[in-house]
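Chains F and B supply the protein sequences, listed in that same order.
At the far end of the first sequence sits residue 233, using the working numbering, and the numbering has no gaps.
At the far end of the second sequence sits residue 1233, using the working numbering, and the numbering has no gaps.
Each residue gets a CB set at the ideal place from its N, CA and C atoms; glycine is no exception.
Number of protein chains: 2
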Amino acid sequence: MTTDRRTTFRDIKSELERRIARRQWPPGATIPGEEALAAEFGVARATVNRAVQELARSGLVERKRKSGTRVALYPVREARLSIPLVRKEIEAKGAVYAYSRLSRAVVAAPDFLRARLALPASAKVLHLRCLHLADRAPFQFEERWINLDAVPEARHEAFEEIGPNEWLVENAPFSRAEFAFRAARAGRDEAALLQVVEGEAVFVAERMTWLADKPITFVRMVHPPGHRMVTEI
Amino acid sequence: MTTDRRTTFRDIKSELERRIARRQWPPGATIPGEEALAAEFGVARATVNRAVQELARSGLVERKRKSGTRVALYPVREARLSIPLVRKEIEAKGAVYAYSRLSRAVVAAPDFLRARLALPASAKVLHLRCLHLADRAPFQFEERWINLDAVPEARHEAFEEIGPNEWLVENAPFSRAEFAFRAARAGRDEAALLQVVEGEAVFVAERMTWLADKPITFVRMVHPPGHRMVTEI
DNA sequence: AACGCTATTATGTCTAGACATAATGAGTCA
DNA sequence: TGACTCATTATGTCTAGACATAATAGCGTT
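Below you can see the structure in the form of structure tokens.
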């Protein structure tokens, strides 16, 4: 006997993907409605709905009420970029993680930060500089500002053993984050810390996080040359 | 009267998000089961299921059969990175798009490419070099190799008017893609094309695509300094 | 203590039917 | 011609109930 499992939304999804890939339904074409597909596959409409909705979410098709579903003309494919803790990222590579706090100070929020996070002129922030190492080699230089108005507990934390990243994860959740990635040349300090030549190309990731519109933290993470951020669809 | 719409899975999702953010359910805690939540919100279990499943997908909670659902300890949050066409990206900024093909040649696949795409020694590829401009300023230098075995039609295409990116989108769909981002120093050629100083830090994105395990293309996209890739959660 | 079986449990998914909602197009009226 | 109204249509979402499946805990056996 064949394994006659019933058709699942996953089966339908991959069959639809296949038809699109084979250009049975070329870009721009309207695909059959949910009712029709449900009849074809012998399933309930809800099952087809889930399959097609996932395709829409991944950008392969576009749906509009009344008009129907069409194969995306310019598939704005979405890659999922997972953002783990540095420690986890290093450990996942099989390397030994080490952390060192370079400096810690409570300061008035610098102008650029006030502008970015929309902080009042009086705002106090905790400024931290840290280094994350993988197998004793510099992996990431982290420069962080924590909004003490939003996270007052941070004032009493030394961040000598545990990094601010990890501490915040457990103590200050966020509801919204904004990421930016770019290339830059290493400044004198960064170069020294990352043990590279000044002016070398470094990979910079910046992140701002909010909890319900209240700014939590801004962090700048600098990786030495050779660092690659990888993802797939 | 209040607008007594019935509670939707979105309402539930955001209420759960709120509770997690407020640490009513701290990281690591198990949240009530679907039955319980369904009873609390006065909805069917399927509705709760959809809400919680979306939270799980975004990495805020972790679900396991029998054990239940718990708030993620180290939320491996996933950012969605949308990958539009260069042209669309430039037009979205309100800039005028221009394209220029720099070179085109059918060549034997170079070693690095054979290794990356697992091509046979005899493989022929189409090598293209192009420039994309935003408001007349260099925006992206694109160097691309197309596997002629997988996309024979490309041999007859000049790519003088339409960029290979756009052409491929309409002519060679892909089912899997791999992205990598890194910082690098501009080589002499790149620097000249992007009108920057040699050795400047450039942002490099690389992409490989396959259709059902058949390699389609490898592309290297180089952006001048100042380019930022942005996303949010 | 170690192993393997079984019952239990929470999530995963499907069905059939219903109503909601956005978008479209046709028909109506000024 | 143009503005408005209304019916139509495809997708969006919910319900109630059912069965599937993975993971666990507990039990009994060796």
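- DSSP places THR47/F in the uninterrupted alpha helix (DSSP H) bounded by 45 to 57.
- Here the alpha carbons of GLY187/F and GLY1199/B stand approximately 14 angstroms from one another.
- Along the stretch 1175 to 1202 of chain B, going in chain order, the ones with a CB nearer than 8 angstroms to a CB of chain F are SER1175, ARG1176, ALA1177, GLU1178, PHE1179, ALA1180, PHE1181, ARG1182, ALA1183, ALA1184, ARG1185, GLY1199, GLU1200, ALA1201 and VAL1202.
- The beta-carbon distance between VAL71/F and ILE20/F, rounded to whole angstroms, is 5 angstroms. This is short enough to meet the 8 angstroms contact definition.
- When DSSP states are grouped into helix, strand and coil, LEU1128/B belongs to the strand group.
- The C-beta of ALA1192/B has fewer than 16 other C-beta atoms within 10 Å across all chains shown, which makes the residue exposed.
- Look at the stretch 1092 to 1177 of chain B and you find these whole runs of alpha helix (DSSP H), each 4 residues long or longer: 1111 to 1117 and 1164 to 1171.
- In the displayed model, ARG65/F falls within coil according to three-state DSSP, outside both helix and strand.
- Scanning chain F for C-beta atoms nearer than 9 angstroms to the C-beta of ILE1146/B yields nothing, as the closest lies near 17 angstroms away.
- Counted as a single uninterrupted DSSP element, the alpha helix (DSSP H) harbouring ILE12/F occupies residues 9 to 21.
- Contacts with chain F at 8 angstroms (Cβ-Cβ) include LYS1088/B.
- Listed along chain F, no residue sits closer than 9 angstroms to HIS1156/B by beta-carbon distance, the nearest being about 18 angstroms off.
- When 8 angstroms is used as the limit between beta carbons, ALA95/F is near no residue of chain B, the shortest such separation being about 18 angstroms.
- Residues of chain B with a Cβ closer than 9 angstroms to the Cβ of MET221/F do not exist; the shortest Cβ-Cβ separation is about 12 angstroms.
- Chain F has a Cβ within less than 8 angstroms of the Cβ of VAL1169/B.
- Apart from sequence neighbours up to five positions away, the residues of its chain that approach PRO32/F with a beta-carbon distance below 8 angstroms are GLU40, ordered along the chain.
- Proximity of THR217/F to chain B, defined by a Cβ-Cβ separation below 8 angstroms, is not satisfied.
- In this structure LEU1194/B touches PHE1141/B by the C-beta definition: roughly 6 angstroms separates them, less than 8 angstroms.
- Between the stretch 122 to 130 of chain F and the stretch 98 to 112 of chain F there are three or more C-beta pairs closer than 8 angstroms, enough to call the two in contact.
- Residue pairing from DSSP places HIS223/F in a beta bridge opposite PHE203/F.
- PRO27/F and SER1082/B have their C-alpha atoms some 18 angstroms from each other.
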